[in-house]
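**Student:** Everything in the sequence shown is counted per our numbering, starting at 163 for the first residue and increasing by one.
Glycine included, C-beta positions come from ideal geometry on N, C-alpha and C.
Computed from a prediction, not measured in an experiment: that's the story for all the values here.
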Amino acid sequence: MMRPGWPTLLIGALLGIAPIAPGTAQASDENACSAAHVRAQVLKRDMPNRLLERRVALRTCSSDLCAPSIVDACSAWLREVEANVPSLTVRVVDQRGVGTDAAVLIDGRMQVPGLPLELDPGEHTIVVTGVGREESRSVLLRAGDKNHAMQIVLGSNSTAQASGAGLKRSERRRVPTGTWISYGIGAVGLGSLLTGLLLAVSKEEQLAAECHDDKCPSSSKDIVTAYHAGRIMAFAGGGVALVGAVVGSVLLLTADPDPIPQRQTARIELLFGAGQVALKGAM
Numbered sequence: 163m164m165r166p167g168w169p170t171l172l173i174g175a176l177l178g179i180a181p182i183a184p185g186t187a188q189a190s191d192e193n194a195c196s197a198a199h200v201r202a203q204v205l206k207r208d209m210p211n212r213l214l215e216r217r218v219a220l221r222t223c224s225s226d227l228c229a230p231s232i233v234d235a236c237s238a239w240l241r242e243v244e245a246n247v248p249s250l251t252v253r254v255v256d257q258r259g260v261g262t263d264a265a266v267l268i269d270g271r272m273q274v275p276g277l278p279l280e281l282d283p284g285e286h287t288i289v290v291t292g293v294g295r296e297e298s299r300s301v302l303l304r305a306g307d308k309n310h311a312m313q314i315v316l317g318s319n320s321t322a323q324a325s326g327a328g329l330k331r332s333e334r335r336r337v338p339t340g341t342w343i344s345y346g347i348g349a350v351g352l353g354s355l356l357t358g359l360l361l362a363v364s365k366e367e368q369l370a371a372e373c374h375d376d377k378c379p380s381s382s383k384d385i386v387t388a389y390h391a392g393r394i395m396a397f398a399g400g401g402v403a404l405v406g407a408v409v410g411s412v413l414l415l416t417a418d419p420d421p422i423p424q425r426q427t428a429r430i431e432l433l434f435g436a437g438q439v440a441l442k443g444a445m
């Protein structure tokens with residue numbers, strides 16, 4: 163009996179492996195899709211501001227190689243994440259306001275001046291160097307802050323320190339919607355208070371003219387009723403006004419302060435987009 167030669171054995175081995183290879187690749191793709199989906203969920207739970215890394219994972223599990231159920235979930239989530247990724251553009255000018263050559267580092271990474279850079283929400287460090295001068299800033303970006311533009315005047319450090327140039331962060335308390343509603347209700351109550359007082363005073367004057375020795379004619383019955391109605395209206399309106407003022411003030415005082423930049427000098431200029439940018443530091 164003749165033994166098969168090595169070419170025959172090689173061909174047989176290849177024919178046996180061929181049907182297995184596509185299945186192995188498919189299993190590998192499914193594992194990668196599932197891992198990316200899980201990674202995106204972990205990032206959202208543990209590191210919600212890591213939007214760029216989460217977007218990479220969601221793009222992986224949105225691939226056509228993934229199962230339709232995973233693709234649908236990741237695609238919808240991906241659109242939400244992309245809408246929340248903020249971006250920042252840094253422009254560098256000299257003291258005349260003319261664009262100048264400078265090296266821009268954002269979080270230690272080189273960035274071309276004038277071009278937008280997508281970043282995670284949070285605080286980022288900008289260092290600008292040019293012609294032997296260096297400026298440093300910190301910028302706070304919020305989720306969804308798109309197309310922020312920041313202009314930095316590149317000047318001498320001594321001049322900047324002497325003039326105290328820069329931006330400082332102040333806090334403005336945002337008025338909640340509930341405060342406006344409460345104050346509006348209080349205003350209605352105040353109106354009822356004034357109306358009731360006017361009605362009661364006018365009817366009291368009529369009763370004083372018609373009644374003598376605490377005795378009033380029967381024709382004054384309607385006047386007496388209107389007098390008491392005015393007092394009740396004034397009392398109720400005063401209570402509503404007081405409650406509205408107290409509730410509105412409590413909501414206002416307990417609202418979270420909203421940090422906004424406040425200009426101290428014209429040496430640095432901020433151009434705002436859809437959200438807010440807060441800067442701090444010294445030249």
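Going by beta carbon distance, what residues of the same chain come within less than 6 angstroms of Thr341, once the five residues before and after it are set aside?
**Tutor:** By 1-based counting over the sequence shown, the position of residue 341 is 179. Within the same chain, Thr341 has close Cβ partners Gly410, Leu413 and Leu414.
**Student:** Roughly how many angstroms lie between the CA atoms of Lys308 and Leu360, to the nearest whole one?
**Tutor:** Within the sequence shown, residue 308 is the residue found at index 146, counting from 1. Within the sequence shown, residue 360 is the residue found at index 198, counting from 1. Rounded to whole angstroms, Lys308 to Leu360 spans 55 angstroms at the Cα level.
**Student:** Classify Ile394: buried if its beta carbon has 16 or more other beta carbons within 10 angstroms, exposed otherwise.
**Tutor:** Counted from its first residue, the sequence shown places residue 394 at position 232. Result: exposed.
**Student:** Just tell me which of Leu356, Ser382, Ala305 and Gly406 has its CA closest to the CA of Gly392.
**Tutor:** Residue numbering aside, residue 392 sits at position 230 when the sequence shown is read from its first letter. Among Leu356, Ser382, Ala305 and Gly406, the Cα nearest to that of Gly392 belongs to Leu356.
**Student:** Counting only runs that start and end within the segment 211 to 279, where is the alpha helix (DSSP H) found for 4 or more residues in a row?
**Tutor:** Listed in chain order, the complete alpha helix (DSSP H) runs (minimum 4 residues) inside the segment 211 to 279 are 213 to 223 and 230 to 246.
**Student:** Assess contact between the segment 239 to 253 and the segment 212 to 230, defined as three or more Cβ pairs (one per stretch) separated by less than 8 angstroms. Is contact present?
**Tutor:** Result yes; three or more Cβ-Cβ pairs closer than 8 angstroms.
**Student:** Beta-carbon within less than 6 angstroms of Gly317's beta-carbon, same chain only, minus the 5 sequence neighbours each way: which residues are those?
**Tutor:** Counting from 1 along the sequence shown, the entry for residue 317 is found at position 155. Around Gly317: Gln257.
**Student:** Which whole-angstrom value describes the C-beta separation of Pro248 and Pro275, a residue pair presumed to lie in contact below a C-beta threshold of 8 angstroms?
**Tutor:** The count along the sequence shown starts at 1 and reaches residue 248 at position 86. The count along the sequence shown starts at 1 and reaches residue 275 at position 113. With 8 angstroms as the limit, Pro248 and Pro275 do not qualify as a contact, their Cβ atoms being about 18 angstroms apart.
**Student:** Please report the Cβ distance between Gly292 and Val337, rounded to the nearest whole angstrom; I am assuming they are in contact, meaning their Cβ atoms lie under 8 angstroms.
**Tutor:** One-based indexing of the sequence shown puts residue 292 at position 130. One-based indexing of the sequence shown puts residue 337 at position 175. Not confirmed; about 42 angstroms, so no contact.
**Student:** What separation, rounded to the nearest whole angstrom, lies between the Cα atoms of Thr135 and Leu213?
**Tutor:** Any property of residue 135 remains undetermined from this structure, which presents the chain solely from 163 to 445.
**Student:** Looking at Ser225 and the ligand PLP, is the gap between the Cβ and the nearest heavy atom below 7 angstroms?
**Tutor:** As presented, the structure is devoid of all ligands, the ligand PLP included, so that no description of it is given.
**Student:** Determine the closest residue to Leu369 out of Ile385, Pro230, Ser354 and Ser380, with distance taken between C-alpha atoms.
**Tutor:** Here residue 369 corresponds to residue number 207 of the sequence shown, with the count starting at 1. Comparing Cα-Cα distances from Leu369 to each of Ile385, Pro230, Ser354 and Ser380, the minimum goes to Ile385.
**Student:** Measure the alpha-carbon distance for Val233 versus Ala202 and round it to whole angstroms.
**Tutor:** Taking the first residue of the sequence shown as 1, we reach residue 233 at position 71. Taking the first residue of the sequence shown as 1, we reach residue 202 at position 40. In a straight line, the C-alpha of Val233 is about 13 angstroms away from that of Ala202.
**Student:** Who are the Cβ neighbours of Leu277 in its own chain at under 7 angstroms, not counting the five residues just before and after it?
**Tutor:** Here the question's residue 277 lines up with position 115 in the sequence shown. Once the five neighbours on either side are set aside, the close Cβ partners of Leu277 are Thr251.
**Student:** Hey, how far is the Cα of Leu227 from the Cα of Asn193?
**Tutor:** Here residue 227 corresponds to residue number 65 of the sequence shown, with the count starting at 1. Here residue 193 corresponds to residue number 31 of the sequence shown, with the count starting at 1. Taking the straight line from one Cα to the other gives about 11 angstroms.
**Student:** Assuming Gly351 and Gly399 form a contact by the criterion Cβ under 8 angstroms, report the distance between their Cβ atoms to the nearest whole angstrom.
**Tutor:** In the sequence shown, residue 351 corresponds to position 189, counting from 1. In the sequence shown, residue 399 corresponds to position 237, counting from 1. Their Cβ separation, rounded to whole angstroms, is 5 angstroms, which keeps Gly351 and Gly399 in contact under 8 angstroms.
**Student:** Mind listing, in chain order, the continuous alpha helix (DSSP H) runs of no fewer than 4 residues lying wholly within the segment 327 to 413?
**Tutor:** Counting whole runs of 4 or more residues, the segment 327 to 413 contains the alpha helix (DSSP H) stretches 339 to 372.
**Student:** If you draw a straight line from the C-alpha of Val525 to the C-alpha of Leu279, how long is it?
**Tutor:** With the chain covering 163 to 445 only, the question about residue 525 has no answer from this structure.
**Student:** Since Ala311 is in the beta strand (DSSP E), which residue starts that stretch and which ends it?
**Tutor:** On the sequence shown, residue 311 is found 149 positions in, with the first residue counted as 1. Segment His310 to Val315, the beta strand (DSSP E) holding Ala311.
**Student:** Which same chain residues end up closer than 8 angstroms to Tyr345 when comparing Cβ atoms and leaving out the 5 residues on each side of it in sequence?
**Tutor:** Here residue 345 refers to the residue found at position 183 of the sequence shown. Here the set comprises Gly406, Ala407 and Gly410.
**Student:** Can the beta-carbon of Glu372 be found closer than 8 angstroms to that of Ser382?
**Tutor:** Residue 372 sits at position 210 when you count from the first residue of the sequence shown. Residue 382 sits at position 220 when you count from the first residue of the sequence shown. Cβ distance < 8 angstroms, so Glu372 and Ser382 count as in contact.
**Student:** Mind checking Arg271: buried by the 16 CB within 10 Å criterion, or exposed?
**Tutor:** In the sequence shown, counting from the first residue as 1, residue 271 sits at position 109. Exposed, because fewer than 16 other Cβ atoms sit within 10 Å of the Cβ of Arg271.
**Student:** Is Leu281 helix, strand or coil by DSSP?
**Tutor:** As a position in the sequence shown, residue 281 is number 119, starting the count at 1. Coil, per DSSP.
**Student:** His390 to Ala362, Cα distance in whole Å?
**Tutor:** As a first step, residue 390 is located in the sequence shown; it is residue number 228 there, counting from the start. As a first step, residue 362 is located in the sequence shown; it is residue number 200 there, counting from the start. His390 and Ala362: Cα-Cα distance of roughly 7 angstroms.
**Student:** Looking only at C-alpha atoms, which of Asp208, Ala197 and Val266 sits nearest to Cys236?
**Tutor:** The residue you call residue 236 lines up with position 74 of the sequence shown. It is Ala197 whose Cα lies nearest to the Cα of Cys236.
**Student:** When the cut-off is 8 angstroms and only beta carbons count, does Asp234 lie next to chain C?
**Tutor:** Considering every chain present, this structure includes no chain C. It has just one protein chain.
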